[in-house]
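As structure tokens, the structure follows; a few thoughts come after it.
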Amino acid sequence: MSKKSQIDSLHYLQKMGIEILTNTFVVSYDGELLKTNNGKTIKTKTVIWSAGISANTIQGIPKTSVGQGQRLLVDQTNALEYTEAVYVLGDMALMKTPKYPNGHPQLANVAINQAKNLAKNLKRKEQGLELKKYEYTDLGTMATVGRNKSVVDLPTVHLKGFFAWAIWMFLHLMLILSVKNKLIIFINWAWAYITKNSALRIIIKEH
């Protein structure tokens, strides 16, 4: 996301009592002491890894088809390189293009549109037509940090706070299938907002 969104998210988390260590990597952990690359030692028996993914390896996939993060190298039709009739979508697909030389961002929108393009291409393949190449068009990125705390990056504007949070809630609601599901989830969200019931995302602080 944009630098503004990174800074705003950092401030939100710090106000919530979270200590953020940037440019810091874990180098060792023995069950009691966690050591970082900058010499910091943290005494803890609980470590939760919640960011960064590595795709599962699949038996039979050529090593030449495996790229960074164990993601699988595909062309712009999502066909797995060095194989025949194997296609990979979403987070596992590493599609390098002039616009995204390191692969597309691992977002739901990318996976959904890759799937739509592949479905059309499979039909075109049966008809002997030329296949259409996929390229991601960034219409914006959103992230929520907590109640009334979100950041939104649109192509021409950056938003934060309650308004950004409302946009995030609305768009996620619209992506849910069926009117019934939308209504049920909206009622649950509204009730949780009114009652301030945040038991599922509680942050426990020392007193």
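What the sequence shown shows, in this note's numbering, is residues 881 to 1087, in sequence order.
Think of the CB as a built atom: it goes at the ideal place given N, C-alpha and C, for glycine as much as any other residue.
Quantities reported herein were computed from a predicted structural model and do not represent experimental measurements.
Assigned with DSSP and collapsed to three states, VAL990 falls in helix. By the criterion of at least three beta-carbon pairs nearer than 8 Å, the stretch 1050-1061 is not in contact with the stretch 967-985. Under the three-state reduction of DSSP output, HIS891 falls in the helix class. Taken atom to atom, the span from the alpha-carbon of ILE898 to that of GLY940 is near 44 Å.
Residue pairing of ASP1033 in beta bridges, as defined by DSSP: THR1021, HIS1038. Collapsing the DSSP output to three states places MET975 in a strand. In the three-state reduction of the DSSP assignment, ALA1046 falls in the helix class.
For SER908, the pairing in a beta bridge is given by DSSP as LYS915. Here the alpha carbons of GLY1026 and ILE1047 stand approximately 14 Å from one another. For LYS923, the uninterrupted beta strand (DSSP E) segment begins and ends at 921-923.
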